Amino acid sequence: VTKKLLVLPGDGIGPEVMREVAKVVSWMERTRGIRFEIEEDLVGGASLAVHGTPIRDEVIAKARAADAVLFGSVGDPRWAHVGFDRRPEVAILKLRSELELFANLRPAQVFEALADASTLKPEVVAGLDIMIVRETVGGIYFGEPRGIETLADGTRRGINTEVYTTPEIERVARVAFELARKRGNRVCSVEKCNVMESGLLWKEVVTDLHAREYPDVTLSHMLADNCAMQLVRNPRQFDVIVTGNLFGDLLSDLASMLTGSLGMLPSATLGPVAADGRRAALYEPIHGSAPDIAGTGQANPLAQILSFAMLLRYSLDRGDDADLIERAVADVLASGLRTPDIMSEGKARVGTATMGDAVVQALDRI
Ligand code: NAI
Ligand code: MG
């Protein structure tokens, strides 16, 4: 079977790290009997320069038609001073809203060889493997009423409102329960039901859904402030964490630093399941376009390569192939290769292309 991928490298180091993914894609086609039909297009500053817009409607249509989207990064200082709707970053914001990508999956995984790169003690994080599922299209970033208003006495007030509906909570919780079944079978639901009505509803809806459809998964609940503390105290207690937009934003950034390197972290964002059973999904590294190192050949391609592994696992149901890639990455790191961003004792400092080649060689050896 042929799988349709839309590849959007974007700006800065995006195209550089995407070239390394292409090597892994060819390896998969050569040795694993999978065929990809790959379309590539421009987004971000690269699209602004040619088409005068950060993303064309045509590209959004292609994203809808694809089995999955592999996204690089957008952002370019040359376009930092234009109006907001003409900024490169609009490309990813528009894809997220147009495809209704409501569940952001952020794994925080510590490869054995990189336990010394964490901001925490190696013995606290060695072997860490958690998944944070963040709701991304609802909550306080979008709820009404919102705005800044001026009262009669001249006092101004800024307003944001956290709103969650039962279907919004259910669909993201369902993603978390399904994921847990393929991992450690545990979900921790995080809110602040002690002070927030939306948190109270969140907890109730997750509890009901669990009892109805996922009684085989172990469910626990935790207040968000405690969760932040527990992530630093003993992160390995968690398997899957599911939470709303605001808390997920903070907790996933916190968790990323447990692993010590931005250049290592992939992510997935999933949309609703369509009538034909297909699910919109976009895979991207959590890092940006890194304009400070673009063009130097020093970017770490592993986050982009691991994003492709997530794509295989979650959109194409090829978990075995994803495992292969993750094992190859672990082997390469164990062999001592390090791009300069990795804050870990390594034997050999290498650039983007050498790291990509090393992953392919490790795949050959597995
Ligand atoms: P950034 O993630 O691009 O860079 C932060 C720091 O980490 C820089 O020093 C960079 O050199 C380093 N870094 C990032 N990825 C790396 C990699 N793979 N290998 C080695 N070093 C790496 O974040 P920053 O600097 O805040 O943003 C730069 C641009 O990227 C901005 O225009 C921003 O809006 C955009 N951005 C886009 C994202 C997206 O496309 N989803 C996400 C985050 C930022
Ligand atoms: Mg991002």
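Each residue of the sequence shown is one higher than the last, beginning at 3 in full-length UniProt numbering. For every residue, glycine included, the Cβ atom is placed at its ideal position computed from N, Cα and C. Source: prediction; values computed, not measured.
At a cut-off of 7 Å, is residue 186 close to ligand 1 when judged by its beta-carbon and the heavy atoms of the ligand? Outside the cutoff, so no.
At a cut-off of 7 Å, would you count residue 289 as near ligand 1, judging by its Cβ distance to the nearest heavy atom? Yes, since a heavy atom of ligand 1 falls inside the 7 Å radius drawn around the Cβ of residue 289.
By DSSP, does residue 131 sit in helix, in strand, or in coil? Strand, per DSSP.
Answer with buried or exposed for residue 85, where buried requires no fewer than 16 other C-beta atoms within 10 angstroms of its C-beta. By the neighbour-count rule (16 or more Cβ atoms within 10 Å), residue 85 is not buried but exposed.
Is any heavy atom of ligand 1 found at a distance shorter than 7 Å from the C-beta of residue 75? Closer than 7 Å to some heavy atom of ligand 1: that describes the Cβ of residue 75.
Straight-line CA distance for residue 76 to residue 154? Distance between the alpha carbons of residue 76 and residue 154 is about 43 Å.
According to DSSP, is residue 139 helix, strand or coil? It is coil, neither helix nor strand.
Whole-angstrom distance between residue 188 and residue 214, CA atom to CA atom: Roughly 16 Å separates the two Cα atoms.
Of all the options 264, 297 and 160, which has the alpha carbon lying nearest to the alpha carbon of residue 18? Nearest of 264, 297 and 160 to residue 18, Cα basis: 297.
Taking the alpha-carbon of residue 6 as reference, which of 283, 363 and 292 has the nearest alpha-carbon? It is 283.
Output yes or no for whether 8 Å exceeds the beta carbon distance between residue 72 and residue 43. Going by C-beta atoms, residue 72 is not nearer than 8 Å to residue 43.
With distances taken from CA atoms, which of 292, 342 and 312 is nearest residue 14? Of the listed residues, the one whose Cα sits closest to residue 14 is 292.
Do residue 178 and residue 242 have their C-beta atoms closer together than 8 Å? Their beta carbons are under 8 Å apart, which means residue 178 touches residue 242 by this criterion.
Can you name the start and end residues of the beta strand (DSSP E) that residue 189 belongs to? Counted as a single uninterrupted DSSP element, the beta strand (DSSP E) harbouring residue 189 occupies residues 188–193.
Enclosing alpha helix (DSSP H) for residue 28 [first to last residue]: Run containing residue 28: 16–33, per the alpha helix (DSSP H) assignment.
Between the segment 294–308 and the segment 161–172, do three or more beta carbon pairs fall short of 8 Å? They do not touch, by the three-pair rule.
Let me make sure I understand the geometry here. Which of 74, 131 and 21 has the alpha-carbon closest to that of residue 236? When C-alpha distances from residue 236 are compared across 74, 131 and 21, the shortest belongs to 131.
Below 8 Å between beta carbons: does that hold for residue 265 and residue 346? No, the Cβ-Cβ distance between residue 265 and residue 346 is not below 8 Å.
Does the distance between the C-beta of residue 103 and the nearest non-hydrogen atom of ligand 1 fall short of 7 Å? Not so, every heavy atom of ligand 1 lies at least 7 Å from the Cβ.
Out of 368, 353 and 290, which has the shortest C-alpha to C-alpha gap to residue 328? The residue with the shortest Cα to Cα distance from residue 328 is 368.
Going by beta-carbon coordinates alone, are residue 305 and residue 334 separated by less than 8 Å? With contacts defined by Cβ atoms closer than 8 Å, residue 305 and residue 334 do not form a contacting pair.
Please list the segments of the beta strand (DSSP E) lying wholly inside the segment 45–91, counting only runs of 3 or more residues, in order along the chain. Counting only runs of 3+ residues, the beta strand (DSSP E) found wholly inside the segment 45–91 occupies 70–75, in chain order.
Just the Cα atoms here: how many angstroms apart are residue 66 and residue 101? Counting only the Cα atoms, residue 101 lies some 7 Å from residue 66.
Terminal residues of the continuous beta strand (DSSP E) containing residue 283? Its beta strand (DSSP E) spans residues 281–287.
For residue 296, name the three-state secondary structure that DSSP assigns. The three-state secondary structure of residue 296, taken from DSSP, is coil.
Can you grab the Cα-Cα spacing for the pair residue 356 / residue 173, in whole Å? Computed Cα separation, rounded: 41 Å.
Quick check: what's the CA-CA separation for residue 139 versus residue 93? Their backbone Cα atoms lie some 16 Å apart in a straight line.
Inter-residue spacing [alpha-carbon to alpha-carbon] between residue 250 and residue 195: If I take the Cα positions, the gap works out to 15 Å.
Among 127, 366 and 167, nearest to residue 146 - alpha-carbon criterion: Checked all of 127, 366 and 167; the closest Cα to residue 146 is 167.
Just to confirm, are residue 45 and residue 57 a CB contact at a threshold of 8 Å? Residue 45 is a Cβ neighbour of residue 57, given a cutoff of 8 Å.
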